[in-house]
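Working notes, beginning with the structure itself.
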Amino acid sequence: LQLYDADNPVIADETNLLSFDDDGGDGLNSRISRPLSPGTYLINVSTINSGGGYELLVTEQALTLFTITLDESQTGSPPTSSTTHYYTPVLPADAAVAIDLSSDEFDTFLQLFDTDDPGSTDATSLLAFDDDGGEGTNSRIRVNLTQGTYLIATSAFTGAGGSYNLAVFEEQVSLASIAIGEPASGVL
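Heads up, the sequence shown is in our numbering, so the first residue is 37 and it goes up one at a time.
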């Protein structure tokens, strides 16, 4: 299943691909869940193996934005892998930021976008994403960001969701000078 920001199959390619999925629904079924701005889109239905009948259903879901500040953590609970919670952190200054999404109940998936509008998320606004960069199946993004407002998308990678904790904090970066030809040592 592929979703394009296009209304003509001839121009549907990786430059306007908004989302794709293989087995994100129940069993081997596909499911795409994402915010869309008003407009016309193209949905490509295909099979990896042998073909057969299918049913395509497009539904509207309520979208809620949560706010989160730097050096804060919040808990949430998306009920399924098709539910995404969105958070809008505001950075008052440039910072090295770590974003952790953790859960003991499900495999987390985390995305960071250079926008504060969930309807305008696409490959060009995606800054970073992570599945298992934290401990176990937890997600972690570490990135240098400039002052501004961003969008964090939290979801389950596959299967049912559950309770989670999202933390956004500034990482302390230490800089040291080193001269050419001089050795340096430290502890990590």
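We put the beta carbon where it would ideally sit given N, CA and C, even for glycine.
Taking C-beta to C-beta, are aspartate 140 and threonine 185 nearer than 8 Å? The residue labelled residue 140 in the question sits at position 104 within the sequence shown. The residue labelled residue 185 in the question sits at position 149 within the sequence shown. Cβ atoms of aspartate 140 and threonine 185: not closer than 8 Å.
Whose CA, out of Ile79, Thr119 and Ile216, lies closest to the CA of arginine 70? Sequence index remark: in the sequence shown, residue 70 carries index 34 (1-based). Here the closest residue by C-alpha is Thr119.
Quick one, are the C-beta atoms of glycine 197 and phenylalanine 142 less than 8 Å apart? Within the sequence shown, the letter at position 161 stands for residue 197. Within the sequence shown, the letter at position 106 stands for residue 142. Their beta carbons are under 8 Å apart, which means glycine 197 touches phenylalanine 142 by this criterion.
Status (buried if at least 16 other CB within 10 Å, exposed otherwise) for leucine 187: The sequence position of residue 187 within the sequence shown is 151, counting from 1. Classification of leucine 187: buried, given that the 10 Å Cβ count is 16 or more.
First and last residue of the uninterrupted beta strand (DSSP E) at glycine 112: Along the sequence shown, read from residue 1 onward, the residue named residue 112 stands at position 76. That run of the beta strand (DSSP E) goes 108-112.
Just verifying my parser: in three-state terms, what is the DSSP assignment at glycine 155? The residue labelled residue 155 in the question sits at position 119 within the sequence shown. When DSSP states are grouped into helix, strand and coil, glycine 155 belongs to the helix group.
Would you call asparagine 174 buried or exposed, if buried means 16 or more other Cβ atoms sit within 10 Å of its Cβ? As a position in the sequence shown, residue 174 is number 138, starting the count at 1. Answer is buried; the Cβ neighbour count reaches 16.
Kindly list the residues whose CB is nearer than 7 Å to the CB of leucine 72, restricted to its own chain and excluding five residues on each side of it in sequence; keep chain order. Taking the first residue of the sequence shown as position 1, residue 72 is located at position 36. Only residues of its own chain outside the window of five on either side were considered, and among them Gly155 have a CB closer than 7 Å to the CB of leucine 72, listed in chain order.
Would you kindly report the start and end of the unbroken beta strand (DSSP E) that includes valine 126? Within the sequence shown, numbered from 1, the residue matching residue 126 stands at position 90. Element bounds for valine 126: 121-127.
Looking only at its own chain, which residues have a Cβ that is under 8 Å from the Cβ of leucine 228, when we skip the five neighbours before and after it? Residue 228 cannot be examined here, being either before or after the span of the chain that is shown, 37 to 224.
Measure the alpha-carbon distance for glycine 217 versus leucine 224 and round it to whole angstroms. What you label residue 217 is simply residue 181 of the sequence shown in a count that begins at 1. What you label residue 224 is simply residue 188 of the sequence shown in a count that begins at 1. Answer to the nearest angstrom: the Cα atoms are 22 Å apart.
Going along the chain, which residues of its own chain have a beta-carbon closer than 8 Å to the beta-carbon of threonine 100, five neighbours each way excluded? Within the sequence shown, the letter at position 64 stands for residue 100. Same-chain partners within the cutoff: His121 and Tyr122.
Can you have a look at proline 125 and say buried or exposed, based on whether 16 or more other CB atoms are within 10 angstroms of its CB? Here residue 125 refers to the residue found at position 89 of the sequence shown. Proline 125 should be labelled buried.
Compare the C-beta of isoleucine 214 against all C-beta atoms of chain B and say whether one is closer than 8 Å. The displayed structure is made up of one protein chain only, and chain B is not part of it.
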